[in-house]
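Engineer: Numbering (our numbering), first residue to last: 2 to 363. All C-beta atoms in this analysis are idealised placements derived from N, C-alpha and C, irrespective of residue type, glycine included. In this text the structure is predicted, and so the values were computed from the model without any measurement.
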Amino acid sequence: MTLTHSDYMDRALFHAARGRGRTSPNPLVGAVVVSEDGIVVGQGFHERAGDAHAEVRALDAAGPRAHAGTLYCTLEPCAHQGRTGPCTVRIVEAGIARVVAAVEDPNPLVSGQGFAYLQNHGVAVEVGLGETLATRLNQPFFTLIRERRPFVILKAAVSTDGCIAEAPGHRTQLTSAAAERHAHRGRAEVDAIGIGVGTVIVDDPVLTARGAFRARPLTRVVFDRNLRTPPDARLLSTRDAGPVIIVTTEAGAGRADVRSRLTSGGAEILVAPDSTLRAALGCLAERGISSLLLEGGAVVHQAAWDEGLADFVQLYVTPHTLGAAGLRFLNGRPFVPTVLSEVRVETLAPDVLIEGYVHRPR
2 MTLTHSDYMD
12 RALFHAARGR
22 GRTSPNPLVG
32 AVVVSEDGIV
42 VGQGFHERAG
52 DAHAEVRALD
62 AAGPRAHAGT
72 LYCTLEPCAH
82 QGRTGPCTVR
92 IVEAGIARVV
102 AAVEDPNPLV
112 SGQGFAYLQN
122 HGVAVEVGLG
132 ETLATRLNQP
142 FFTLIRERRP
152 FVILKAAVST
162 DGCIAEAPGH
172 RTQLTSAAAE
182 RHAHRGRAEV
192 DAIGIGVGTV
202 IVDDPVLTAR
212 GAFRARPLTR
222 VVFDRNLRTP
232 PDARLLSTRD
242 AGPVIIVTTE
252 AGAGRADVRS
262 RLTSGGAEIL
272 VAPDSTLRAA
282 LGCLAERGIS
292 SLLLEGGAVV
302 HQAAWDEGLA
312 DFVQLYVTPH
322 TLGAAGLRFL
332 NGRPFVPTVL
342 SEVRVETLAP
352 DVLIEGYVHR
362 PR
């Protein structure tokens, strides 16, 4: 069977996805080296921040067979010195004749400069093959670079009548064991989980990825404008799973006695410049957090929706009915799954997962 350009790029995209949950704040990148006569002679992916990039791994695997060949990569090769050397230099030294890249890197340190370096050194460059899939794969990285905030996944469990709890302030278990397992696998891939202080007070969760392998510590974030987080919250007893960050305002940080007890318990306190969720997310971006699973509760979900910060929605629809007293998802704001793009539906007996992008990947 003769492989096509699309086949080679699909293979590079497959390898890129192998780095899920490991590379942040760096992007997911895969690369494939194809010899002059159409044989795959090297392939690789970026495994973790600080380690060799995908292009270098693929070139190392190919060795001298890379000469006069084509390098397929899912993102523009870098041309600057970071924690590793510039990939473009290695590509030129290997004698690669052509680079086929899916998408340009929006990072100002790279953007267009990698392609320019290659072309100035006699390497042909083609851009755009596999662009849609490559863009979707790196939405967290692109969002962090372009908007200086994490990619926000708004996650909620809802009843058939659109409620997330029996009443405000009531802890309500809605999802089945199958849905819980799925949710924990999702936790294993993001940089951080975020909740509002109300959820800490009502549910006292630990926010760990249970039953799912996670390669790196998981950051847990509490959005708490007035610093109401209890110093004895269970969250602070699980710091071996990853750091706990409480994002507050100047008014909240002014409660010196509470702040002292929380920091003594192991929490890191970040002070946002104002009380908006966008400002709080900016604080997380400064910590290199590129993806945030926003698990609730109602107030923080509403803020994300109202401020236009929800990028992706995951709804676990359960067979429960909570009635007129129930706390409605997004406080009853107009929402139907048809407003999402690239909607996907999965049965997690007896629940149904409905998920999709609020904005098309860009």
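For the alpha helix (DSSP H) containing F336, list its first residue and its last residue.
Structural biologist: Per DSSP, F336 belongs to no alpha helix (DSSP H) and is neither H nor E.
Engineer: CA-CA distance, V223 and S36?
Structural biologist: Cα to Cα, V223 sits roughly 51 Å from S36.
Engineer: State the DSSP-derived secondary structure class of Q315, mapped to helix, strand or coil.
Structural biologist: If DSSP states are grouped into helix, strand and coil, Q315 belongs with the strands.
Engineer: Verify whether the separation of the beta carbon atoms of A17 and G31 is less than 8 Å.
Structural biologist: Against a cut-off of 8 Å, the Cβ pair of G31 and A17 comes out as a contact.
Engineer: Within the continuous alpha helix (DSSP H) that includes A135, where are the two ends?
Structural biologist: Where A135 is concerned, the enclosing alpha helix (DSSP H) stretches over 132–138.
Engineer: Tell me Y73's beta-bridge partners as DSSP assigns them.
Structural biologist: V33, V101, per the DSSP bridge assignment.
Engineer: With a threshold of 6 Å on Cβ separation, who are the neighbours of H321 within its own chain once the five nearest residues in sequence on each side are excluded?
Structural biologist: Excluding sequence neighbours, H321 sits near S160, L175.
Engineer: For T230 versus L219, is the C-beta distance shorter than 8 Å?
Structural biologist: Cβ atoms of T230 and L219: not closer than 8 Å.
Engineer: State whether the region 108–116 contacts the region 235–255, with contact taken as three or more CB pairs (one from each stretch) at a distance under 8 Å.
Structural biologist: No, they do not touch.
Engineer: I'd like to know whether the C-beta atoms of L316 and E356 end up nearer to each other than 8 Å.
Structural biologist: Yes; because the gap between Cβ atoms is below 8 Å, this pair is in contact.
Engineer: Could you tell me which whole beta strand (DSSP E) segments of length 3 or greater appear in the region 175–220?
Structural biologist: Whole beta strand (DSSP E) segments, 3+ residues: 193–197.
Engineer: Could you please give me the residues that DSSP links to F152 through a beta bridge?
Structural biologist: In the DSSP output, where bridge partners are listed per residue, F152 has S292.
Engineer: Contact check, A254 vs V272 under 8 Å by CB: the rounded distance?
Structural biologist: Contact flag correct, Cβ pair sits at about 5 Å.
Engineer: Tell me T348's beta-bridge partners as DSSP assigns them.
Structural biologist: Note: T348 sits in a beta bridge opposite V353.
Engineer: For the beta strand (DSSP E) containing C398, list its first residue and its last residue.
Structural biologist: Lying outside 2 to 363, the shown extent of the chain, residue 398 is not represented and no answer is given.
Engineer: Give the single residue among G86, V33, H47 whose Cα lies nearest to the Cα of V41.
Structural biologist: Nearest option by C-alpha distance: V33.
Engineer: Counting Cβ pairs closer than 8 Å, one from the region 235–247 and one from the region 300–308, do we hit at least three?
Structural biologist: Too few Cβ pairs lie closer than 8 Å, so no.
Engineer: Would the region 278–285 and the region 149–158 be scored as touching if the rule is three or more Cβ pairs under 8 Å?
Structural biologist: Judged by Cβ distances under 8 Å, the region 278–285 makes contact with the region 149–158, as three or more pairs qualify.
Engineer: For the structure I just gave you, are there three or more beta carbon pairs, one from the region 194–207 and one from the region 175–186, closer than 8 Å?
Structural biologist: The region 194–207, when compared against the region 175–186, does not touch it at the 8 Å Cβ threshold.
Engineer: What residue does the alpha helix (DSSP H) around G283 start on, and which one ends it?
Structural biologist: That run of the alpha helix (DSSP H) goes 278–287.
Engineer: Beta-carbon within less than 7 Å of T211's beta-carbon, same chain only, minus the 5 sequence neighbours each way: which residues are those?
Structural biologist: Residue identity differs from the one stated: residue 211 is Arg in this sequence, not Thr. Contacts found: H185.
Engineer: Among I92, E308, T200, which one has its Cα closest to the Cα of C79?
Structural biologist: Ranking the options by Cα distance to C79, first place goes to I92.
Engineer: Would you grab the beta carbon distance between H258 and I154 for me? Rounded to a whole angstrom, and I think it's under 8 Å.
Structural biologist: The sequence given here places Asp at residue 258; His does not occur at that position. The Cβ separation is near 35 Å, so there is no contact.
Engineer: Got a sec? Which residues, its chain only, sit under 8 Å from G83 by beta carbon, not counting five neighbours each side?
Structural biologist: Hits under 8 Å: L110.
Engineer: Could you tell me the distance, in whole angstroms, from the CA atom of M10 to the CA atom of V57?
Structural biologist: Straight-line Cα distance between these residues: approximately 17 Å.
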